[in-house]
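S.K.: Those sequence lines, one after another, are chains A and B.
Position 383 (the first sequence) corresponds to 383 in my numbering; numbering is contiguous.
Position 21 (the second sequence) corresponds to 565 in my numbering; numbering is contiguous.
Where is the CB? At the ideal position from N, CA and C, for every residue including glycine.
Computed from a predicted model, the values in this text were never measured in an experiment.
Provided herewith is a single structure, encoded as structure tokens, for subsequent inquiry.
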Amino acid sequence: MAKMPTPNELLAATPAAFPKEGWMDTKPDFRPGSFCYPAKTEILKGLGFEHAHDWAPDNEDWELPENWEQILFNSLQDALNKHRSLKVFMDCCVRCGACADKCHFFIGTNDPKNMPVLRAELVRSVYRKDFTTAGKLLGKFAGARKLDKDVIKEWFIYFYQCTECRRCSLFCPYGIDTAEITVIVRQMLLDLGLGIHWIMNSVNDCNRTGNHLGIQPHSMREIVEFLSDDIETITGIRIDPPWNEKGHEVIFITPSGDYFADPGIYTFMGYLMLFHEIGLDYTLSTYASEGGNFGSFVSFDVAKKLNAKMYHEAERLGSKWILGGECGHMWRVVNQYMATYNGPTPPKMETPVSPITGTVFKNAAATKMVHITEFTSDLIRHNKLNLRPERNDEIITTWHDSCNPSRGMGLLEEPRYILKNVCNNFVEMPEHTIREETFCCGSGSGLNAEEIMDQRLRGGFPRANALRYVHDTQDVNWMACMCALDRAALPPLVNYWVPGVTVSGLHELVANALVMKGEIPRTMNLRQEDLANPDPDPADSEEA
Amino acid sequence: MDIIELCNSQRDVLVDRWVNRFFASYPLDSKGFMRTNRDRFANPVGETTRIAAAVLFDAVIGKEADAETVKTALHDLVWVRAVQDMPPSKAVGALYLLKEILRSDIMPECLKSERSGGKILNEYLTMESRVDTLGLMALDMYSEARERVFRIRVEEVKQSQAAVIRLAKLRRERETAPETENRGVEE
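Below, the structure is given as structure tokens:
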């Protein structure tokens, strides 16, 4: 009879167990839950990826094209030629380890290959072998390794375990942008025909219909009409926003999650109510119906293509500038890439000026695009809004700095300023988990796929852990944020780690507090839940 | 000296060894970080484990403990490990490794002739049984956590369809509702 293992043997829990093999030889494990579903072949083919093919991550053979090594070599060579930054990132890392414990995936999983330095090393080792003299001559001694099919599998697992949040870059003394490395490696994988469904399906929809959800123009209008019905129920005011109209000063563009997905729709209702109240001269567009850009997660070329519609539509409709909704990565694309992707802006566009306050948004001189929190905080600063924050009194809210607006454009004060003006109870999460050092939701960069929920819950744990602390110690029951992916990804995260906290966008809370001209006394919030502090009924005061 | 005093005199060392058994579920390269970074926000997995282990240790050795506090500590520990990349036996099993630590460090003391008389040995056995109790409680918590994960996955799929269904319903309502001239807007 075989000997029963001891618990220690069964759990392999000997504290000083050294790994039998080095990191280069440790193979990734593929089983359901550890990977995203692959992109459909016809979708990749339609987007121009010539090596698209049928494959399954948990099959031993990924059916790579015959000359896959050459394809990859060319792809890396091409990326190095195009991006001077990549060459610098490949060469300059001294492996100081400053980034190692800053990644939410590392902190949440404690898998060493999720240390940004080691994740980048997965590709750096291949770069060294083929592109550096030392690597060619000394091989493993110079940290180089030969490219084989297991390396590709490893890339697929770990570069889809990076949300491109750039928290590591903040701590890197060289400023190595791991997000950029991730995008480039994903592009290289796409060149081999390897992509994930969640991202590429959205890219395909956006390419075809203008938005990630594939909503067609008539449906988009219809959805917004229904949201207007809800606004009418709550405020008694009918809003009929302009669509695809020429000659308005502003074109408003927001992520499709805002008008389609719960709880984004309440944020969208907030935008409509705000614009109506201040009499903004704007139009919505069924073509530029997406602010987000899933292409930016995987390929600069695809990102450029999807981004182009913003300027096309602004030019076609003759808008002077673009007002953008609460989106995360949209703002990284706008601030870091848009001007070089598709600039210079159409000649008739102008540096944005708030028509209500006269503030010139010089920071947007190159892109002609203003973030709505910049716009709204400016309105509040100039006393242009009549606000009744006590309508939000049952809420004790904290603020989740979405990675891209906070680290990508330094949008830290504006949302807090707005939040403090529309809510009486605001609590910050602990230091080093907010502002530039904010923790990612764990599902960014197109990783909010349901099939990797465990991974998302692990990756989001550092964020949830900080939230849990203020929930336990200061009764926080609300978390506001300004990213459509956050609004989709944080509710499940909160459901697991901190039940009892509601997630919302910022303009939902703005609109709750906004006193509109001619509105009926408010008895419910935008979710049509009863207000703890309903507006006094004027009829009652007359009787008194 | 009773069993509480005996265990308490070595508490920090024993808890630390137990915590290291939990950390042993992770690759060696990560253990240094988990053990040395003592900031609960920078090292949430490590510190959740450490905080929980201290509370559970006190409960096991028989100190007066608030049942809710013990339950919360165990819950935090199990719910973290339930979504880590490890099998259930590893997620929950490290709890039982406390027995091995106690047997090597505490039991020999209990068996010494000067402590004979049986009382302390009985206390020791009662203490070990409390580890089993924790294991049983953890089993419930683990399966609850996994059920929650799967429920969240189902809800997310449903949620992705919710707007379509809502839209379809509203469309039908609109199609079947009689035409109304005034939609409630004041002229």
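Counting only C-beta atoms, is A/E222 closer than 8 Å to chain B at any point?
M.R.: Position 222 of the first sequence, counting from 1, holds the residue named residue 222 of chain A. With 8 Å as the cut-off, A/E222 counts as an interface residue toward chain B.
S.K.: What are the residues in the stretch 235-261 of chain A lying within 8 Å of chain B by C-beta distance?
M.R.: Those would be G236, I237, R238, F260, A261, in chain order.
S.K.: Any beta carbon from chain A within less than 8 Å of B/A721's own beta carbon?
M.R.: Taking the second sequence and counting its residues from 1, the one referred to as residue 721 of chain B is at position 177. No, its Cβ sits nowhere closer than 8 Å to a Cβ of chain A.
S.K.: Indicate the three-state DSSP secondary structure (helix, strand or coil) for A/H371 in the structure shown.
M.R.: Numbered from its first residue, the first sequence carries residue 371 of chain A at position 371. Three-state result, A/H371: strand.
S.K.: 8 Å is my cut-off, CB to CB: does B/D556 come that close to chain A?
M.R.: For the purposes of this step, residue 556 of chain B is identified with residue 12 of the second sequence, where counting begins at 1. Output row for B/D556: interface = no.
S.K.: According to DSSP, A/S504 sits in a beta bridge with which residue or residues?
M.R.: Counting from 1 along the first sequence, the entry for residue 504 of chain A is found at position 504. Its beta-bridge partners are A/A480.
S.K.: Taking all protein chains shown into account, do 16 or more other C-beta atoms lie within 10 angstroms of the C-beta of A/W497, making it buried, or fewer, making it exposed?
M.R.: To locate residue 497 of chain A, count along the first sequence from 1; it is residue 497. So A/W497 counts as buried.
S.K.: Please determine, among B/R565, B/A635, B/K656, the residue with the shortest C-alpha to C-alpha distance to B/M545.
M.R.: Here residue 545 of chain B refers to the residue found at position 1 of the second sequence. Answer by Cα proximity: B/K656.
S.K.: The beta strand (DSSP E) with A/I322 in it runs from where to where?
M.R.: For the purposes of this step, residue 322 of chain A is identified with residue 322 of the first sequence, where counting begins at 1. Start and end: 321-324.
S.K.: Looking at the unbroken alpha helix (DSSP H) that takes in A/V545, where does it start and where does it end?
M.R.: The displayed coordinates of chain A run from 1 to 544. Any statement about residue 545 of chain A would go beyond what the structure contains.
S.K.: What is the DSSP secondary structure of A/M269, counted as helix, strand or coil?
M.R.: Numbered from 1 along the first sequence, position 269 holds the residue referred to as residue 269 of chain A. In this structure, A/M269 counts as helix in the three-state DSSP scheme.
S.K.: Near A/E63, what residues of its chain come up, given a Cβ to Cβ distance below 8 Å and the 5 sequence neighbours on each side ignored?
M.R.: For this step, residue 63 of chain A is matched to residue 63 along the first sequence. Taken in chain order, the residues that qualify are H53, D54, W55.
S.K.: Starting from A/P23 and walking both ways along the beta strand (DSSP E), at which residues does that stretch end?
M.R.: Counting from 1 along the first sequence, the entry for residue 23 of chain A is found at position 23. According to the sequence provided, residue 23 of chain A is Trp. The question's Pro does not apply to it. Run containing A/W23: none; DSSP gives neither H nor E here.
S.K.: Identify, in the order they occur along the chain, each residue of the same chain with its Cβ nearer than 8 Å to the Cβ of A/Q528, setting aside the five sequence neighbours on each side.
M.R.: Along the first sequence, one-based indexing puts residue 528 of chain A at 528. Around A/Q528: D230, T233, I234.
S.K.: Hey, quick one: how far does the alpha helix (DSSP H) through A/F252 stretch, first residue to last?
M.R.: One-based indexing of the first sequence puts residue 252 of chain A at position 252. Taken as a continuous stretch (DSSP letters only), A/F252 belongs to no alpha helix (DSSP H), being part of the beta strand (DSSP E) at 250-253.
S.K.: Using a C-beta to C-beta distance shorter than 7 Å, which residues of chain B count as neighbours of A/F30?
M.R.: In the first sequence, counting from the first residue as 1, residue 30 of chain A sits at position 30. Those within 7 Å of A/F30 in chain B number zero; the least Cβ separation is about 12 Å.
S.K.: Determine, using beta carbons only, whether A/A539 comes closer than 8 Å to chain B.
M.R.: Here residue 539 of chain A refers to the residue found at position 539 when the first sequence is read from its first residue. No - not a single Cβ of chain B is within 8 Å of the one on A/A539.
S.K.: CA-CA distance, A/G460 and A/Q161?
M.R.: As a working note, residue 460 of chain A is residue 460 in the first sequence. As a working note, residue 161 of chain A is residue 161 in the first sequence. Approximately 12 Å, taken between the alpha carbons.
S.K.: Mapping the DSSP letters down to three states, classify A/D545 as helix, strand or coil.
M.R.: The structure shown has nothing for residue 545 of chain A, since chain A only spans 1 to 544.
S.K.: Could you give the distance in angstroms between the alpha-carbon of A/V94 and the alpha-carbon of A/L122?
M.R.: In the first sequence, the residue the question calls residue 94 of chain A occupies position 94. In the first sequence, the residue the question calls residue 122 of chain A occupies position 122. So the alpha carbons of these two residues sit roughly 15 Å apart.
S.K.: Excluding sequence positions up to five away, which residues of its chain have a Cβ less than 7 Å from the Cβ of A/K362?
M.R.: Taking the first sequence and counting its residues from 1, one reaches residue 362 of chain A at position 362. The answer, listed in chain order, is T351.
S.K.: How do the stretch 234-245 of chain A and the stretch 465-480 of chain A stand: do at least 3 beta-carbon pairs fall below 8 Å, yes or no?
M.R.: Cβ pair count under 8 Å is below three, so no.
S.K.: I'd like to check one pair, A/N525 with A/E390: are the Cβ atoms closer than 8 Å?
M.R.: Position 390 of the first sequence, counting from 1, holds the residue named residue 390 of chain A. Position 525 of the first sequence, counting from 1, holds the residue named residue 525 of chain A. Not closer than 8 Å, so no.
S.K.: Any idea if B/L558 is buried or exposed, counting beta-carbon neighbours within 10 angstroms, 16 or more meaning buried?
M.R.: Residue 558 of chain B sits at position 14 when you count from the first residue of the second sequence. By the neighbour-count rule (16 or more Cβ atoms within 10 Å), B/L558 is buried.
S.K.: Can you tell me whether DSSP reads A/F171 as helix, strand or coil?
M.R.: As a first step, residue 171 of chain A must be located in the first sequence, where it is residue number 171. Reduced to three states, the DSSP call for A/F171 is helix.
S.K.: Would you mind reading off the limits of the beta strand (DSSP E) that contains A/W243?
M.R.: To locate residue 243 of chain A, count along the first sequence from 1; it is residue 243. Segment: none, A/W243 is in no beta strand (DSSP E) and carries neither H nor E.
S.K.: For B/T590, which residues from the same chain have a beta carbon less than 6 Å from its beta carbon, with the 5 sequence-adjacent residues on both sides left out?
M.R.: Within the second sequence, numbered from 1, the residue matching residue 590 of chain B stands at position 46. Residue identity differs from the one stated: residue 590 of chain B is Gly in this sequence, not Thr. These residues qualify, in order along the chain: M578.
S.K.: Since A/P38 contacts A/P57 with CB under 8 Å, what's their CB separation in whole angstroms?
M.R.: For this step, residue 38 of chain A is matched to residue 38 along the first sequence. For this step, residue 57 of chain A is matched to residue 57 along the first sequence. Going by Cβ atoms, the distance from A/P38 to A/P57 rounds to 6 Å, so yes, they are a contact pair.
S.K.: Along chain A, which residues have their Cβ under 8 Å away from the Cβ of B/N587?
M.R.: Locating residue 587 of chain B in the second sequence gives position 43, counting from the first residue. Within 8 Å Cβ-Cβ: D101, I107.
S.K.: For chain A, check one thing: does any of its Cβ atoms lie closer than 8 Å to the Cβ of B/E700?
M.R.: Indexing the second sequence from 1 puts residue 700 of chain B at position 156. Yes, B/E700 counts as interfacial toward chain A.
S.K.: Looking only at its chain, what residues have a beta carbon closer than 6 Å to the beta carbon of A/A100, apart from the 5 residues adjacent to it on each side?
M.R.: To locate residue 100 of chain A, count along the first sequence from 1; it is residue 100. Excluding residues within five positions, the ones whose Cβ falls inside 6 Å are M115, V117.
S.K.: Kindly indicate which residue of A/C36, A/H371, A/P430 has the alpha-carbon position closest to the one of A/I199.
M.R.: Counted from its first residue, the first sequence places residue 199 of chain A at position 199. The option with the nearest alpha carbon to A/I199 is A/C36.
S.K.: So, for A/A364: in the same chain, excluding its five sequence neighbours on each side, which residues have a beta-carbon less than 6 Å away from its beta-carbon?
M.R.: To locate residue 364 of chain A, count along the first sequence from 1; it is residue 364. The residues are P352, V370.
S.K.: Could you give the DSSP three-state label for A/F439: helix, strand or coil?
M.R.: Sequence index remark: in the first sequence, residue 439 of chain A carries index 439 (1-based). Coil at A/F439, not helix or strand.
S.K.: For A/Y282, write down the residues that DSSP places opposite it in a beta bridge.
M.R.: Counting from one through the first sequence, the residue named residue 282 of chain A turns up at place 282. Beta-bridge pairing links A/Y282 to A/V250.
S.K.: In terms of DSSP beta bridges, what is A/F260 paired with?
M.R.: For the purposes of this step, residue 260 of chain A is taken as the residue at position 260 of the first sequence. Paired residues: none, contrary to the question.
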